[in-house]
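Residue numbers (our numbering), protein chains in the order written: chain S, 1 to 75; chain R, 76 to 429; chain L, 430 to 680.
Yeah, the Cβ is synthetic: ideal placement off N, Cα and C, and Gly gets one too.
What follows is a set of notes on a single structure, which appears directly below.
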Amino acid sequence: MNKGQKVNIEKEKCKSCGYCIHFCNKGNLSLSKAVNTRGYLYIEFNDKENKCNSCALCALMCPEAAIEVYKEEKK
Amino acid sequence: MNKTGKKIFINGNEAIAEAAIIAGCRFYAGYPITPQNQIPEYMSWRMPEAGGVFIQAESELAAINMVFGASLTGTRAMTSSSSPGISLKQEGISYMAGCELPGVIVNMQRGGPGLGNIQGSQADYFQATKGGGHGDYRMPVLAPSTIPEAIEHVMTAFDLADMYRTPVMLLSDGILGQMMEAVEFPVYKSKKKLPEKDWILDGAKNRKPRSVFSLMMQNPTILEKHNYKLAEKYKKMETEVIHETYLAEDAEILVCAYGIMGRICRGAIDMARKEGVKAGLFRPVTVWPFASEVVSKLGKKAKKVLVVELNLGQMVEDIRLAVEDNKKISFFGKPGGAVATKEEIFAKIKELIK
Amino acid sequence: MKAVYTKPISLTETANSYCPGCGHGLVHRLVAEVIDELGVRERTIGIAPVGCAVFAYDYFNFDVTEAPHGRPPAVATAIKRCLPDRIVFTYQGDGDLASIGTNEIIHAANRGENITVIFINNAVYGMTGGQMAPTTLEGMKTTTTTKGRDVKVAGHPLRVSELLSSIEGAVYIERVTVIDPANVIKAKKAIKKAFQNQIDKKGFSFVEVLSPCPINWGLKPLDALKFIKEKMMEYFKLGVIKDSTNSKESK
C-alpha cells in the first residue's frame with residue numbers, strides 16, 4: 001500500500017473494475033499501465049492539482065476493500 | 076450402567092427420546108412421519124422442560140440442517156425420522172460427515188421403496204451402513220433389539236458422535252418404536268473420555284475466528300488430505316464394534332440377525348436347542364463397524380449359516396464377505412412389513428439340517 | 430493524516446476471488462463495516478451459502494460456517510436458538526435462497542427467527558457459469574435461456590421480498606442496490622437496521638441487494654451498474670417493502 005497519500009490503493013487487490021474512477025469527482029484516479037501479480041491493471045491515484053477532498057466515494061464503491069482514504073488534520 | 080430404580084412402561088419411540096434427554100441432548104428438530112411420531116411429540120414438551128430447544132421443522136431437509144447448526148454450537152443434537160424421511164436427510168448427513176460435526180439420527184425404519192408402508196422393516200441397512208449420502212464417508216450405526224438396549228445405545232450414539240466428530244445413526248424399526256416394555260432409565264455417564272469441543276462456532280471472542288466447511292476446491296491434494304484424515308478416523312471408529320452372541324460357540328447352525336429380528340431369532344434358537352439342534356445366534360449391535368472377525372470365526376466353524384432380515388437380503392452380503400463360503404449361507408427374509416415369527420425361523424433351521 | 434475510510438476489522442486481509450466489478454465484495458464490505466460499527470464481531474456467526482459466496486468464511490474475520498445449498502436459514506435457526514445472545518446472519522444468493530432454499534427461507538421467516546438475512550439478487554447463477562436464476566429477468570439471456578428467458582416456459586422472475594412480506598413473522602424487508610454512492614449508503618443503512626433489529630430482538634430482518642454480475646451478464650462493470658438501474662430496478666422496485674419494527678415488541 002502506498003501510504004502517506006490521501007488515497008491509498010492496495011494494488012494487489014485491485015481488479016480494475018473502474019468503479020472508483022467513474023465515481024471520483026476530481027478525476028484523480030486512473031488505470032495503471034503495468035499489471036499486478038494477478039494480471040490486472042490497477043488504479044493509481046494522482047492528485048497533482050491537490051483537488052482531492054478525501055470524500056472517500058472511491059473507497060465506498062470499491063468491491064475489494066482495496067482503498068483507504070485519509071485527510072489532513074486541521075492544525 | 077447405573078439404574079435410577081424407577082421402572083416405567085413406555086414405548087420405544089418415547090424411550091429413545093427420553094434417553095436422548097438423559098444423555099444431554101439439548102436440541103431436537105424433526106418432521107412428522109409414521110412410525111416415529113412419538114419422538115417429536117415427546118420432545119415437543121420434554122425438551123423445553125429440560126431447558127433445550129425443540130423445533131418442528133418444515134421438512135426433513137431443514138431438520139437435519141438444524142441439527143447441523145445446533146451441533147456447530149457444541150450442543151448435543153438429534154433428529155429422527157423413518158425411511159422416506161431419512162432419504163431426505165442424507166444431504167445433511169453427508170455434510171456433517173464432511174464438516175466433522177457430531178449428531179444423532181434415529182431411523183425407525185418402515186417398508187419401502189417409495190412410500191412402502193408404515194410397518195416395521197429393515198430395508199435401509201444398505202443406506203445406513205454403506206453411506207446413504209454422497210461422498211466417501213463412514214458412519215457408526217447402532218441397531219438395538221430391545222427398548223432397554225435402545226436406551227443404552229442412544230447414549231452410546233451421542234458418545235461416539237462426540238468422540239469422533241461424526242454423525243451416528245440409531246437404526247431401529249417401527250416395531251421397536253411402537254411396542255412397549257417396562258424399563259428402568261439409567262443414569263448417564265459417558266463411558267469415554269470425550270475430547271474438548273475446541274472447534275465450535277460461538278463467536279470469536281478472545282480467539283481467532285473459526286470456520287467450518289467441507290469445500291476443498293483449491294487443489295486436489297487438499298481434499299485428498301482431508302479424506303485421508305477422515306479415513307484415519309474411520310479406522311479408529313472400526314474398533315467400536317459391539318455385538319452379541321447366544322449359544323454360538325458350539326453352534327452348527329449359526330443364525331445371524333440384528334435389531335428386532337435378532338430378538339426373535341433368539342426365541343427360534345431356544346426352540347431348536349430344546350429339540351437338540353445346535354443352533355446359535357450372532358447379533359451385531361453396531362452394523363457399522365461390523366463384527367466381521369467374530370462372524371468369520373463362528374461362521375467357519377458352523378455347518379450352516381442362516382441370515383434373517385426384514386428385507387430381501389442386505390446384511391447377508393456382509394456375512395458372505397466375512398464367512399467366505401457362499402455355499403453354506405442361506406437367507407430368510409420378509410420384505411413386506413410382516414415380522415418373521417420364531418416358528419417360521421425354527422422351521423427354516425430344521426430345513427437346513429435335513 | 431486522519432483516517433476517513435479504512436478496511437473494516439471484520440474483513441480479513443485475504444483478497445476475494447470474485448470477478449471484477451462483482452457486487453459480492455462490496456456487500457461483504459458493507460456487512461463487515463456494520464458489524465464493526467455495532468461492535469458485535471466477537472459474537473457474530475455468519476452462514477455462507479453455496480454459490481459464489483461460498484468462500485465467505487475466508488473473507489469475514491469472524492466465525493463463519495458453510496451450509497448445504499439453500500439451507501442457511503435452517504442452520505441459522507438452530508445456531509440462534511442454541512445461542513440466543515449471538516448475532517447470526519445468513520448471506521445467500523438467488524439460487525440458494527430463491528430457488529433451492531425457498532422452503533427454508535419462508536419457514537424461518539414464518540417462525541419469526543431473530544436472524545438477519547442478506548440476499549444477493551444478481552439474476553443469475555454465478556458459480557456454475559451463468560444459468561437462469563429464479564430472478565432472471567424476462568428476455569434475459571443466460572446459458573440455459575440462450576434466446577432469453579421465456580416466461581411462458583420458465584415463469585416470471587420471482588420477487589422474493591414481496592413474497593416474504595405477507596409473512597407475519599418477517600418484521601423488516603427492504604430492497605436496496607449498490608450501483609452508486611448514494612445507493613451504497615442506503616444499502617448500508619438497511620443492513621445496519623437489519624442487524625440492529627436482531628440486537629433489539631425484533632425478529633426476522635431481510636435485506637435484498639440488487640447486485641452486479643458483470644461477467645455472467647456479459648457486460649463491463651459500469652454497464653452492469655447501468656443494467657441494474659435501467660432493467661432490474663424496473664421490475665424489482667427499491668425501497669422498504671415491509672417494516673413492522675416499531676410495532677413489534679422485543680421477543
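Cβ neighbour criterion (16 or more within 10 Å) applied to residue i
i	result
residue 167 of chain R	buried
residue 397 of chain R	buried
residue 415 of chain R	buried
residue 533 of chain L	buried
residue 580 of chain L	exposed
residue 39 of chain S	exposed
residue 255 of chain R	exposed
residue 35 of chain S	exposed
residue 262 of chain R	exposed
residue 585 of chain L	exposed
residue 27 of chain S	exposed
residue 299 of chain R	exposed
residue 627 of chain L	buried
residue 294 of chain R	exposed
residue 563 of chain L	buried
For residue j and residue i, the rounded distance between their alpha carbons
i	j	result
residue 373 of chain R	residue 360 of chain R	16 angstroms
residue 606 of chain L	residue 496 of chain L	25 angstroms
residue 445 of chain L	residue 675 of chain L	37 angstroms
residue 583 of chain L	residue 567 of chain L	9 angstroms
residue 172 of chain R	residue 212 of chain R	7 angstroms
residue 182 of chain R	residue 162 of chain R	10 angstroms
residue 536 of chain L	residue 137 of chain R	10 angstroms
residue 1 of chain S	residue 42 of chain S	For residue 1 of chain S, the pLDDT reaches just 47, beneath the cut-off of 50, and the residue's location in the model is therefore unreliable, although a value from the coordinates is still provided. Spanning the two alpha carbons is a distance of roughly 12 angstroms.
residue 46 of chain S	residue 17 of chain S	18 angstroms
residue 83 of chain R	residue 117 of chain R	15 angstroms
residue 62 of chain S	residue 247 of chain R	56 angstroms
residue 312 of chain R	residue 219 of chain R	18 angstroms
residue 264 of chain R	residue 217 of chain R	19 angstroms
residue 20 of chain S	residue 440 of chain L	20 angstroms
residue 129 of chain R	residue 14 of chain S	47 angstroms
residue 50 of chain S	residue 561 of chain L	47 angstroms
residue 572 of chain L	residue 556 of chain L	12 angstroms
residue 273 of chain R	residue 252 of chain R	35 angstroms
residue 598 of chain L	residue 405 of chain R	58 angstroms
residue 469 of chain L	residue 68 of chain S	23 angstroms
residue 587 of chain L	residue 96 of chain R	42 angstroms
Spatial neighbours of residue i in its chain, beta-carbon cut-off 6 angstroms, leaving aside the 5 residues before and after
i	result
residue 71 of chain S	54
residue 64 of chain R	Beyond the ends of chain R as shown, which are 76 and 429, falls residue 64 of chain R; an answer cannot be given.
residue 44 of chain S	30, 32
residue 316 of chain R	361, 364, 366
residue 476 of chain L	494, 496, 501, 504, 505, 519
Contacting residues, own chain, Cβ-Cβ under 7 angstroms from residue i (five flanking each side not counted)
i	result
residue 301 of chain R	291
residue 648 of chain L	656
Reference residue i; option with closest CA among the options
i	options	result
residue 385 of chain R	R:83, R:340, R:404	R:340
residue 204 of chain R	R:165, R:144, R:99	R:165
residue 122 of chain R	R:139, R:99, R:321, R:402	R:99
residue 498 of chain L	L:529, L:474, L:523, L:476	L:529
residue 208 of chain R	R:285, R:250, R:170, R:310	R:170
residue 650 of chain L	L:570, L:434, L:455	L:455
residue 318 of chain R	R:259, R:125, R:331	R:331
residue 646 of chain L	L:442, L:563, L:570	L:570
residue 103 of chain R	R:189, R:140, R:238, R:286	R:140
residue 277 of chain R	R:127, R:101, R:147, R:418	R:147
residue 241 of chain R	R:282, R:390, R:180	R:180
residue 608 of chain L	L:660, L:524, L:540, L:514	L:660
residue 428 of chain R	R:381, R:258, R:114, R:113	R:381
8 angstroms Cβ shell around residue i - same chain, five flanking residues per side excluded
i	result
residue 453 of chain L	445, 447, 481, 482, 549, 640
residue 249 of chain R	109, 110, 111, 157, 183, 184, 185, 193, 194, 195, 196
beta-carbon residue i near the ligand COA non-hydrogen atom, thresh 7 angstroms
i	result
residue 426 of chain R	For the structure depicted, the ligand COA is absent and the ligand set is empty, with no information on it obtainable.
Problem - Three-pair Cβ contact test at 8 angstroms for the segment 410 to 421 of chain R versus the segment 187 to 207 of chain R - result: The segment 410 to 421 of chain R makes contact with the segment 187 to 207 of chain R; the number of CB pairs closer than 8 angstroms reaches 3 or more.
Practice task
Count the CB pairs spanning the segment 543 to 562 of chain L and the segment 627 to 639 of chain L that are closer than 8 angstroms, and state whether there are at least three.
Solution key: Yes, the segment 543 to 562 of chain L touches the segment 627 to 639 of chain L.
Practice task
Could you say if the segment 662 to 676 of chain L and the segment 602 to 617 of chain L meet the contact criterion of at least three C-beta pairs nearer than 8 angstroms?
Solution key: A contact is defined here as three or more CB-CB pairs under 8 angstroms, and the segment 662 to 676 of chain L meets this definition with respect to the segment 602 to 617 of chain L.
Exercise for the section: Evaluate the contact criterion for the segment 504 to 516 of chain L versus the segment 295 to 312 of chain R: three or more CB pairs, one atom per stretch, below 8 angstroms. Expected result: No, the segment 504 to 516 of chain L does not touch the segment 295 to 312 of chain R.
Problem - Contact between the segment 83 to 97 of chain R and the segment 462 to 470 of chain L (3+ Cβ pairs under 8 angstroms) - result: Contact between the segment 83 to 97 of chain R and the segment 462 to 470 of chain L is absent, because fewer than three Cβ pairs lie under 8 angstroms.
Problem - Stretch pair the segment 323 to 331 of chain R + the segment 234 to 241 of chain R: three plus CB contacts closer than 8 angstroms - result: At 8 angstroms Cβ cutoff, the stretches do not touch.
Practice task
Evaluate the contact criterion for the segment 390 to 406 of chain R versus the segment 335 to 350 of chain R: three or more CB pairs, one atom per stretch, below 8 angstroms.
Solution key: At 8 angstroms Cβ cutoff, the stretches do not touch.
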